[in-house]
Structure formats: C-alpha cells, structure tokens
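Colleague: What follows is a structure written as structure tokens; I'll ask about it next.
Number of protein chains: 2
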Amino acid sequence: MKIVDVDVLDVRFPTSRTLDGSDAVHLDPDYSAAYVVLRTDHRPDGHGLTFTIGRGTEVVVEAVRSLAPFLRGRDAEELFGDMRAFWRQIVGDSQLRWIGPEKGAIHLAGAAIVNAVWDLYAKTRDKPLWKLLADMTPRQLVDAVDFTYITDAINPDEALDLLTAAAPGRQEREAQLRAEGYPAYVTSVGWMGYDDAKVERLCHEARAEGWTSFKMKVGGDPAEDARRAALIRGAIGDEHRLMMDANQRWDVDEAIARVHALAGFDPFWIEEPTSPDDVLGHATIARAVAPIAVATGEHAHNRVMFKQLMQADAIGFCQIDSCRLGGVNEVIAVLLMAAKFGIPVCPHAGGVGLCELVQHLSMFDYLAVSGAIDGRVIEYVDHLHEHFVDPVVIEAGRYRAPLRPGFSAEMTPETLAAHLFPDGAVWAPQATRA
Amino acid sequence: MKIVDVDVLDVRFPTSRTLDGSDAVHLDPDYSAAYVVLRTDHRPDGHGLTFTIGRGTEVVVEAVRSLAPFLRGRDAEELFGDMRAFWRQIVGDSQLRWIGPEKGAIHLAGAAIVNAVWDLYAKTRDKPLWKLLADMTPRQLVDAVDFTYITDAINPDEALDLLTAAAPGRQEREAQLRAEGYPAYVTSVGWMGYDDAKVERLCHEARAEGWTSFKMKVGGDPAEDARRAALIRGAIGDEHRLMMDANQRWDVDEAIARVHALAGFDPFWIEEPTSPDDVLGHATIARAVAPIAVATGEHAHNRVMFKQLMQADAIGFCQIDSCRLGGVNEVIAVLLMAAKFGIPVCPHAGGVGLCELVQHLSMFDYLAVSGAIDGRVIEYVDHLHEHFVDPVVIEAGRYRAPLRPGFSAEMTPETLAAHLFPDGAVWAPQATRA
Numbered sequence: 008m009k010i011v012d013v014d015v016l017d018v019r020f021p022t023s024r025t026l027d028g029s030d031a032v033h034l035d036p037d038y039s040a041a042y043v044v045l046r047t048d049h050r051p052d053g054h055g056l057t058f059t060i061g062r063g064t065e066v067v068v069e070a071v072r073s074l075a076p077f078l079r080g081r082d083a084e085e086l087f088g089d090m091r092a093f094w095r096q097i098v099g100d101s102q103l104r105w106i107g108p109e110k111g112a113i114h115l116a117g118a119a120i121v122n123a124v125w126d127l128y129a130k131t132r133d134k135p136l137w138k139l140l141a142d143m144t145p146r147q148l149v150d151a152v153d154f155t156y157i158t159d160a161i162n163p164d165e166a167l168d169l170l171t172a173a174a175p176g177r178q179e180r181e182a183q184l185r186a187e188g189y190p191a192y193v194t195s196v197g198w199m200g201y202d203d204a205k206v207e208r209l210c211h212e213a214r215a216e217g218w219t220s221f222k223m224k225v226g227g228d229p230a231e232d233a234r235r236a237a238l239i240r241g242a243i244g245d246e247h248r249l250m251m252d253a254n255q256r257w258d259v260d261e262a263i264a265r266v267h268a269l270a271g272f273d274p275f276w277i278e279e280p281t282s283p284d285d286v287l288g289h290a291t292i293a294r295a296v297a298p299i300a301v302a303t304g305e306h307a308h309n310r311v312m313f314k315q316l317m318q319a320d321a322i323g324f325c326q327i328d329s330c331r332l333g334g335v336n337e338v339i340a341v342l343l344m345a346a347k348f349g350i351p352v353c354p355h356a357g358g359v360g361l362c363e364l365v366q367h368l369s370m371f372d373y374l375a376v377s378g379a380i381d382g383r384v385i386e387y388v389d390h391l392h393e394h395f396v397d398p399v400v401i402e403a404g405r406y407r408a409p410l411r412p413g414f415s416a417e418m419t420p421e422t423l424a425a426h427l428f429p430d431g432a433v434w435a436p437q438a439t440r441a
Numbered sequence: 008m009k010i011v012d013v014d015v016l017d018v019r020f021p022t023s024r025t026l027d028g029s030d031a032v033h034l035d036p037d038y039s040a041a042y043v044v045l046r047t048d049h050r051p052d053g054h055g056l057t058f059t060i061g062r063g064t065e066v067v068v069e070a071v072r073s074l075a076p077f078l079r080g081r082d083a084e085e086l087f088g089d090m091r092a093f094w095r096q097i098v099g100d101s102q103l104r105w106i107g108p109e110k111g112a113i114h115l116a117g118a119a120i121v122n123a124v125w126d127l128y129a130k131t132r133d134k135p136l137w138k139l140l141a142d143m144t145p146r147q148l149v150d151a152v153d154f155t156y157i158t159d160a161i162n163p164d165e166a167l168d169l170l171t172a173a174a175p176g177r178q179e180r181e182a183q184l185r186a187e188g189y190p191a192y193v194t195s196v197g198w199m200g201y202d203d204a205k206v207e208r209l210c211h212e213a214r215a216e217g218w219t220s221f222k223m224k225v226g227g228d229p230a231e232d233a234r235r236a237a238l239i240r241g242a243i244g245d246e247h248r249l250m251m252d253a254n255q256r257w258d259v260d261e262a263i264a265r266v267h268a269l270a271g272f273d274p275f276w277i278e279e280p281t282s283p284d285d286v287l288g289h290a291t292i293a294r295a296v297a298p299i300a301v302a303t304g305e306h307a308h309n310r311v312m313f314k315q316l317m318q319a320d321a322i323g324f325c326q327i328d329s330c331r332l333g334g335v336n337e338v339i340a341v342l343l344m345a346a347k348f349g350i351p352v353c354p355h356a357g358g359v360g361l362c363e364l365v366q367h368l369s370m371f372d373y374l375a376v377s378g379a380i381d382g383r384v385i386e387y388v389d390h391l392h393e394h395f396v397d398p399v400v401i402e403a404g405r406y407r408a409p410l411r412p413g414f415s416a417e418m419t420p421e422t423l424a425a426h427l428f429p430d431g432a433v434w435a436p437q438a439t440r441a
C-alpha cells in the first residue's frame, strides 16, 4: 500500500456564536481543525487532525503542506515498520525544525500527520487504535518512541521493563474495559460565556445522566469566579468532584492567592493556573496550594516539558493532548514517564475530535502502560461529535471502548463540505458580511 | 502617518551549497528570512524580519499574513504611543494564540512585525534604534513591556527602579560606545562542514584582524570534536577565548560527559548543550560542568523561558535572539531580568540580519539597562551583510555603533529580487533541476 497524496483541509465550526468553549483567555473560539487525509492506492485512507480555535488554522494547514513531502509516495508498511524513524523525520527535518523546534504550528501539523499514519496502521490491522497499541509487544512500543532529551527521566531499557511489568492482567483489564468503559468528567456545563440559568440547568442534566465529576472555568473577576463556583457547587452537590480551570490566566503569585480564595469550594484540581511554559511556576504553585492538585498539559508542547513538570513535582495530574504533543509516538513517551513517576494521566479533550482521539490513548494506558484506572478521568465535552464517522459513546459518565478500526478521526463528507473555511455553507454568510 | 499595507516576502540564500552555518543539528541550512515591509502613506516604510533556515519560511510568511490585519490601516503614532498594548494584540489574539502560545511560527512572525514597527518608530524620530531606546525615559521603557508571567521575577516597579539606577553615566557610556564600539566574538571560523585547511586559515585571518574570541561547533563524533578543538585551540592560541556550541545535540547526561571530555581545551562556555526547552536539564548541566559556563537562548522562545533559566541558575550567559523572542518589547523584558539576576547578555547573531539587529539591543543594554559592557560580547558571523542597506561595521573585533535611523533590517532591492523564493534568480536553476 502506497500513500499517493496528502490532502489537508481548513475546517471550522462557528462555536463563538454560542460561546461554547469560552474561557478567561479564549473568549470567542471557533473550534477548528487542520484535517489531514492520507490518500492511498488501496482503501482505506488515513485520517488525522490537529485542533485549533479559528484564526491561525491556515498557518497549521500551510505547515502540513510543508511536511507532506515526507509522506507522498511512501510505502505504508515501511512506515509502520519503523515508527520511530518516521517520527524523527517529521519533527527533525534539518531546516523545518528551526520554526519549532518541536513546538507551535509545525509540531501541531506534525501531530495531525503522525496521527493519520497511526489511523491508517490501525485500519490496515482491522483494530481500533487502542487495541492495536495494546497488542504491540513492549519492544515494538519502545521502538516507536524517540527518547531524545528524556533519557535522564526514562531510557529505553527502563521503558521496556515497565511495559513488561504491566503485561500481566491485560486480558482481564481489556474485558473489564469492554464491559464498563473508562471514567470521564464533564466540562461543557461551565463555560465562561454561559449565563447562570444555562449553567444550572446543564449541571442538573449532567447529574441526572450519571456524571460525578464536573469542571468549571475560573480566571475571571475574583468575585464572579466565587459566585459561579458557589452556583456550580450548589448544583452538583458536595459529594461530587469540582475541577477548576484557569486557562493560563494568572501570574504565579496571583495564582496562589486566587486558588486559596477558591479553596472553600473544594476544587479537585486547579488546571493551567499560569503560563504553560512555566515549569518552575507550576512547581511553586503546587507547593503553595497543596493539597489541591495542579493539573496541566493541554499546552505542554512536547515530552521535554512533561519531563520537567514531573521532575519538578509540579503536577498532580498529567493532561496529555492527542495533537499538541507530536501524535501517538510522543504521547507514548509521556505515558511512560507518567507511569514511572506515578502521576495519573487525565487527557485534555473537547475541541473538535479530541474526545474521539484521547479515549484510545487512555484505554491503551490502562491496558498496557500504567495498568491503572483509579483516579483517572478523561475530559468530556458535549459538542461537535455528530460530525464524526465514529463518534464517542458515553454512558453514565464513562467512555465506551470504540470498536471500529482506526483512530476515530474521520469526519463525515457533509461536515467537511459545510465547514470548509472560508467557502463552506456555514461560513458563506459571514464571509459576505465581512 | 498611516500603515496602508503589510508586505511579506520569502527570501532565501543558498548557504547550504557552501555549508556556511552548518552544525551538528542544522546540517545544511539555507539562511532565510520572512521579511516584512510596512507600507506607509508617507515615507519612510518600516522593515522587519525573522530568521529561518530554508524550508518552513513559507509557514512563517503565512503567519505574518495572519497577523497583518492588526496593522493594516493603523495610525503609526498611535502604535508608538502604547507599544505594550500593540504587543499584546500581536501575541495575545484570542484565537491565534492557540497555535503558540508565544512560540513557534506565530511568535517568529510576530517578532518580524513588531521589529518592523520599532524600525518605523526609530526612523520617524531620525535615530538608530539603540539611540531611540536609550533616550526613552525609564517610565516609557517600562510601559513598552508586557510583564505577564514574569512578575515573580521582576515587576514594573522594580524595573523602573533598575532603569532609574542605570541612568547616571549614560552620556559618558554613549560617548565611549561611539568612540570604541561594542566587543564581539567570531563564529564563522568553525562551521561543522568546513575542512581543516579552511578552518585553520580562517582562524589565522581572524586573529590578524584583531579577534580575541572564537566559537566552534561541537556535538559531532567525540574524537572528531576533540581533534577539531585541538586544531582551533592551536590556531587561536591559549591566550584567546574559545566558545563551544553543541546546537542542542545532546541529552543531559551525555552533555555532561561530553563537556568534561572537552574541558582540556578550556572552553569559555558551552552553548545549547541540550533541548532549548529543558530548563532543569540546563541547570543540571551547569552544576556539573562548572566552572565552564552554560550559555543558551537562541531557541528560548519567550520571556518565560529566560525567566526560568535565570531562576534555576541554569545559564552563565544569556543569549537573546532579536526575532525568536517577540521583538524589541520582549527583548527589553529579558534584558531587565538579566540585569536583575546579574547575568551578562551575549546575543545570538549570524543568520540573515541578526548581527544588524542585535547590535542595537546590546548597545541599548549597555547605555540604559545593565550599564555594563565587561564580559559581554555580541556574536559575529561574516556572511550575507552585503545584502543590507545599512550593514554592520566591524573594526578589530568590535561592532561600530550604527548611525543611520532605524533598526538596520532593510535589504537592498537587488537582493530581494534575486533571492525571492522560489522565483528569484539564485533559485531558478535549482527549481528547474528539482
């Protein structure tokens, strides 16, 4: 099977019209994706995406075009046979790396491409991605990972030992996973731009559906944060978990003061309290607000950042993102470090397709890496799933294991036609008004 | 004066044909720039650039286009009147920030734009940029800086005190600077891809020209590094400084071992020993290889990274880059922190136009921020200056103070025509061969 072409589309959803996804920093996101299709000379095609929030998607699309030559004309089985070498080509090109390295638009673009190759790999093996990964041997998994810059935290031999030690019980865990699903928490009740009545109604509906963990946005006016926290805590009850997410809104000292001020509402974690680049700042905050845990990761751009967050005792929860990290290969590197450091992985999701993607990664982690599920939750946001060919299935606050082959990233043809930016139907009236 | 349009050009120089600029990671750079012209309704225009190394320039060009709407139609004096607000618009757009934030292609693009605005500002005041900055009051300088995320290291009041304390003696320092220039070191003798005869000849020539500090590339095969270090140390003599630059080639433990192995050649500093994102790794290396100093910064993407490098005692020299940081505003933030932490700033230069740009920043630092010049050196690389309207002037290993108004970023019309990618004359034969 040969990859004959790489298509990339700029797909945007006008979520700013209803303020879905709004927070203290991202006031008006239009959830979007740079969407990649690997065209092959045999069915199936490979699908991957990286999540963006409107303007700027065009830059990531351009970056995908710049990486496409590494795939065009390549033999698919050759790629699958040495995923580490393929990954290094994508992130390590001697000229392209300058505009990262391993960060920003070029790394987001790489993630979309890498994930599309893993999707194709899983489809050719007729397995959902989580199952493909869980069935790989420890040696095969280690060989898919680039350990460059993380050997002071974990080296290939340690990783091999860790994966080998996690093997016993895998079949029982898989049976349990298929029967019971994977626990989740819900974010869509507490967007910053929603009015009180809507927030309260959504909390009650979510409770009725069986949710037990809820996330709200903070980082606005302090009195307003406290008022909304009281509202949501009241609506969900004291027995349930309330996560708080500041979306990078604070400086270090400010974060400490603001978390202390919200401590009475018993937050389960404080997420992104400051700059995603500030490892030392996160560590300072974590020491100051304990026992409230610090969570971060959706903007941690590569394994080197996660390594340091773990080395510095800066995070209680590791929030990998499926496509800010450089796709599956780099996610595995972070899962390995998290297992070694004993830090639960609770992926960032929501956006466009992130829930579809990360469920595979958490399920793989449970089956083959950490071997644990206690205290882990995948984020869930109730938007835009209808656009996917294989949308997530949630039951009573848990992700059901996806069963279709691949990485669940494929969007429907109708969605692509309508949401292409700027020419799709949902954008045409806007374009005329502009 | 109104900015009527923003032009952006993809300009590339085929340096890979002679291996100028080659190192252990960047094997074959084609030195390039995303080059920005702010067209005004009155002369002058503003010029800015960000440096790239070939492939990927097109992504940064696209990112400049995405930022251009923030400038088109704007009144120039209004921008000059609140540079902090303007900077925040460029780096803080609620949607565009997702593809950074403050890193990668979008931050490089922002730097080119921000620097073009500063160029225009200096030209309208008929001053070279270093003089414009040095003549600003401490309050005006502080008001140009965004202190978000760095207030735990320096806050606006401390910055004001620091700048006020640096004011005495400024006129004497300026007179001295105009008379004697600013000290430099030379990198162009030691590129990885040059053969021994060329390296030796260049070292002897540089000594004859008055150079006293020389940089070589390391990070290749260990025996080969040692052989080349012996060659260069022999050619420059024991009395001169030898810097070593590993260009991110090593993991942390490897870096320590490799620096120890090269210690006999008396390196003045070891530059970029590992991932530019690895603050803790740099700190570990710095402790292990002392008294050899660690230098880094050309890939430190924003003020938050420099803050941590200083907080963690990870660097002995702070190597700001004029256009990987988000332009002049963010450079000032880093200069302020470096002055507070007592770390000498020795800018990264070379590339395309970096020497032209950073000379202004070091001279401003000497006159108005650190007030110090001892132990500071600006990097100098002897390539591509002939393409600039106001090229650097070097005499006896020192930068002469530039005297023409602006930020020295403007390229000649002939250069732009010949080096436009992919249609310029220097690329046409390549394009035909491809």
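Those protein sequences? They're chains A and B, same order as listed. As numbered in my numbering, residues 8 to 441 make up the first sequence, in order. As numbered in my numbering, residues 8 to 441 make up the second sequence, in order. Every residue gets a Cβ at the ideal spot worked out from N, C-alpha and C, and that includes glycine. Remember, it's a predicted structure, so these values are computed and weren't measured experimentally.
Does the ligand GTP have a heavy atom nearer than 8 Å to the CB of A/His114?
Modeller: Summarising the ligand content, the structure contains no ligands, and the ligand GTP is consequently not present.
Colleague: Less than 9 Å between the beta carbons of B/Ala112 and B/Val43, yes or no?
Modeller: Mapped onto the second sequence, residue 112 of chain B falls at position 105. Mapped onto the second sequence, residue 43 of chain B falls at position 36. No, the pair does not count as a contact, with Cβ atoms beyond the cut-off.
Colleague: Do A/Lys347 and A/Tyr156 have their CB atoms nearer than 9 Å?
Modeller: For the purposes of this step, residue 347 of chain A is taken as residue 340 along the first sequence, with counting starting at 1. For the purposes of this step, residue 156 of chain A is taken as residue 149 along the first sequence, with counting starting at 1. Contact flag unset, no.
Colleague: Let me see if you follow: with CB-CB separation under 9 Å, is A/Glu69 close to chain B or not?
Modeller: Position 62 of the first sequence, counting from 1, holds the residue named residue 69 of chain A. Judged by the 9 Å Cβ criterion, A/Glu69 is in contact with chain B.
Colleague: Could you round the C-beta distance between B/Ser101 and A/His33 to whole angstroms and report it? I think they count as a contact, below 8 Å.
Modeller: Here residue 101 of chain B is taken as the residue at index 94 of the second sequence, counted from 1. Here residue 33 of chain A is taken as the residue at index 26 of the first sequence, counted from 1. Contact flag correct, Cβ pair sits at about 6 Å.
Colleague: Quick check: the Cα distance between A/Met250 and B/Val98, rounded to an integer number of angstroms?
Modeller: As a first step, residue 250 of chain A is located in the first sequence; it is residue number 243 there, counting from the start. As a first step, residue 98 of chain B is located in the second sequence; it is residue number 91 there, counting from the start. The alpha-carbon atoms of A/Met250 and B/Val98 are separated by roughly 28 Å.
Colleague: Going by DSSP, what residue range makes up the beta strand (DSSP E) through A/Lys134?
Modeller: Along the first sequence, read from residue 1 onward, the residue named residue 134 of chain A stands at position 127. From DSSP, A/Lys134 is part of no beta strand (DSSP E); its letter is neither H nor E.
Colleague: For the segment 279-318 of chain B, which segments carrying the beta strand (DSSP E) assignment without a break, of at least 3 residues, lie completely within its bounds, in sequence order?
Modeller: 300-303
Colleague: Tell me which residues of the segment 106-133 of chain A have at least one Cβ-Cβ distance to chain B shorter than 9 Å, keeping chain order.
Modeller: Ile106, Gly107, Pro108, Glu109, Lys110, Gly111, Ala112, Ile113, His114, Leu115, Ala116
Colleague: If you compare alpha carbons, which of A/Asp168, A/Lys130, A/Gly107 is closest to A/Pro50?
Modeller: By one-based count along the first sequence, residue 50 of chain A stands at place 43. Checking the sequence shown, residue 50 of chain A turns out to be Arg, not Pro. A/Arg50 has its Cα closest to that of A/Lys130, out of A/Asp168, A/Lys130, A/Gly107.
Colleague: Check whether the Cβ atoms of B/Val18 and B/Leu78 sit closer than 9 Å, and answer yes or no.
Modeller: Residue 18 of chain B sits at position 11 when you count from the first residue of the second sequence. Residue 78 of chain B sits at position 71 when you count from the first residue of the second sequence. No, the Cβ-Cβ distance between B/Val18 and B/Leu78 is not below 9 Å.
Colleague: Using only alpha-carbon positions, find the residue among B/Val266, B/Ala204, B/Phe87, B/Val335 that is nearest to B/Arg294.
Modeller: By one-based count along the second sequence, residue 294 of chain B stands at place 287. If we check each option's Cα against that of B/Arg294, B/Val266 comes out closest.
Colleague: Which same chain residues, not among the five before or five after A/Phe154, have their C-beta less than 8 Å away from its C-beta?
Modeller: In the first sequence, counting from the first residue as 1, residue 154 of chain A sits at position 147. So the qualifying residues of the chain are Ile161, Asn162, Pro163, Ala166, Ala340.
Colleague: If you compare alpha carbons, which of A/Lys224, A/Arg411, A/His211 is closest to A/Ala242?
Modeller: Along the first sequence, read from residue 1 onward, the residue named residue 242 of chain A stands at position 235. The shortest Cα separation from A/Ala242 among A/Lys224, A/Arg411, A/His211 belongs to A/His211.
Colleague: Across which residues does DSSP place A/His54 in a beta bridge pair?
Modeller: Counting from 1 along the first sequence, the entry for residue 54 of chain A is found at position 47. Per DSSP, A/Val44.
Colleague: Return the first residue and the last residue of the beta strand (DSSP E) that A/Asp448 is part of.
Modeller: Chain A is shown only over 8 to 441; residue 448 of chain A falls outside these bounds and no answer can be derived.
Colleague: Buried or exposed for A/Gln366, please, with buried defined as at least 16 other CB atoms from any protein chain shown within 10 angstroms of its CB.
Modeller: Counting from 1 along the first sequence, the entry for residue 366 of chain A is found at position 359. Buried: at least 16 other Cβ atoms inside 10 Å.
Colleague: Would you grab the beta carbon distance between B/Arg383 and B/Val359 for me? Rounded to a whole angstrom, and I think it's under 8 Å.
Modeller: Position 376 of the second sequence holds residue 383 of chain B. Position 352 of the second sequence holds residue 359 of chain B. That pair is no contact at about 23 Å.
Colleague: Could you check whether B/Thr194 and B/Asp252 sit closer than 9 Å to each other, using their CB atoms as the reference points?
Modeller: Reading the second sequence from its first residue, position 245 is the one you call residue 252 of chain B. Reading the second sequence from its first residue, position 187 is the one you call residue 194 of chain B. It is a contact, given that the beta carbons lie within the stated cut-off.
Colleague: Considering only DSSP beta bridges, list what A/Met418 is partnered with.
Modeller: Within the first sequence, numbered from 1, the residue matching residue 418 of chain A stands at position 411. According to DSSP, A/Met418 bridges with A/Phe395.
Colleague: What are the complete alpha helix (DSSP H) segments, minimum 4 residues, inside the segment 341-414 of chain A?
Modeller: 361-371
Colleague: According to DSSP, what are the bridge partners of A/Asp252?
Modeller: Numbered from 1 along the first sequence, position 245 holds the residue referred to as residue 252 of chain A. DSSP, once it has assigned bridges, lists A/Lys224, A/Glu278 as partnering A/Asp252.
Colleague: Listed in chain order, which residues of the segment 281-299 of chain B have Cβ atoms closer than 9 Å to some Cβ of chain A?
Modeller: Thr281, Ser282, Pro283, Asp284, Asp285, Val286, Leu287, Gly288, Thr291
Colleague: Note down, in chain order, each residue of its chain lying with its Cβ closer than 6 Å to the Cβ of B/Thr171, except the 5 sequence neighbours on either side.
Modeller: One-based indexing of the second sequence puts residue 171 of chain B at position 164. These residues qualify, in order along the chain: Pro145.
Colleague: For A/Ala321, which residues from the same chain have a beta carbon less than 7 Å from its beta carbon, with the 5 sequence-adjacent residues on both sides left out?
Modeller: Working through the first sequence from its first residue, we reach residue 321 of chain A at position 314. The residues are Val286, His289, Ala290, Ala293, Val301.
Colleague: In terms of residue numbering, what span does the alpha helix (DSSP H) encompassing A/Pro190 cover?
Modeller: As a first step, residue 190 of chain A must be located in the first sequence, where it is residue number 183. In the DSSP assignment, A/Pro190 falls outside any alpha helix (DSSP H) and lies within the beta strand (DSSP E) extending over 189-197.
Colleague: So, for B/Glu278: in the same chain, excluding its five sequence neighbours on each side, which residues have a beta-carbon less than 6 Å away from its beta-carbon?
Modeller: Taking the first residue of the second sequence as position 1, residue 278 of chain B is located at position 271. Only Asp252, Ala302 meet the Cβ criterion.
Colleague: Below 8 Å on the Cβ atoms is my contact criterion, and I expect B/Thr57 with B/Met8 to pass it. Report the Cβ-Cβ distance as a whole number of Å.
Modeller: Taking the second sequence and counting its residues from 1, the one referred to as residue 57 of chain B is at position 50. Taking the second sequence and counting its residues from 1, the one referred to as residue 8 of chain B is at position 1. Actually they are not in contact, since the Cβ atoms of B/Thr57 and B/Met8 sit about 24 Å apart, beyond 8 Å.
Colleague: Just the chain A side, please: which residues come within less than 7 Å of B/Arg62 by C-beta, in chain order?
Modeller: Residue mapping note: residue 62 of chain B aligns to position 55 of the second sequence, counting from 1. Residues of chain A passing the Cβ test: Ser73, Asp100, Gln102, Leu103.
Colleague: Report the residues of the segment 229-259 of chain A with a CB closer than 8 Å to any CB of chain B, ordered along the chain.
Modeller: Gln255, Asp258, Val259
Colleague: For chain B, is any of its Cβ atoms less than 9 Å away from the one on A/Pro36?
Modeller: What you label residue 36 of chain A is simply residue 29 of the first sequence in a count that begins at 1. Interface residue, yes.
Colleague: Based on Cα-Cα distance, which residue from A/Pro229, A/Ala375, A/Val13, A/Ala356 lies nearest to A/Asp168?
Modeller: The residue given as residue 168 of chain A occupies position 161 in the first sequence. Minimum Cα distance to A/Asp168 is reached at A/Ala375.
Colleague: Taking the alpha carbon of A/Ala204 as the reference point, which residue from A/Leu238, A/Ala215, A/Ala213 has its own alpha carbon closest?
Modeller: As a first step, residue 204 of chain A is located in the first sequence; it is residue number 197 there, counting from the start. The option with the nearest alpha carbon to A/Ala204 is A/Leu238.
Colleague: Could you run through the segment 315-346 of chain B and flag, in chain order, every residue whose CB is less than 8 Å away from some CB of chain A?
Modeller: Gln315, Gln318, Ala319
Colleague: Below 7 Å between beta carbons is the criterion; list the residues of the segment 158-190 of chain B that meet it against any residue of chain A, in chain order.
Modeller: When CB distances to chain A are screened at a threshold of 7 Å, the residues of the segment 158-190 of chain B falling below it are Thr158, Asp159, in chain order.
Colleague: Going by DSSP, name the residue or residues bridged to A/Ser39.
Modeller: Locating residue 39 of chain A in the first sequence gives position 32, counting from the first residue. A/Arg19, A/Thr59.
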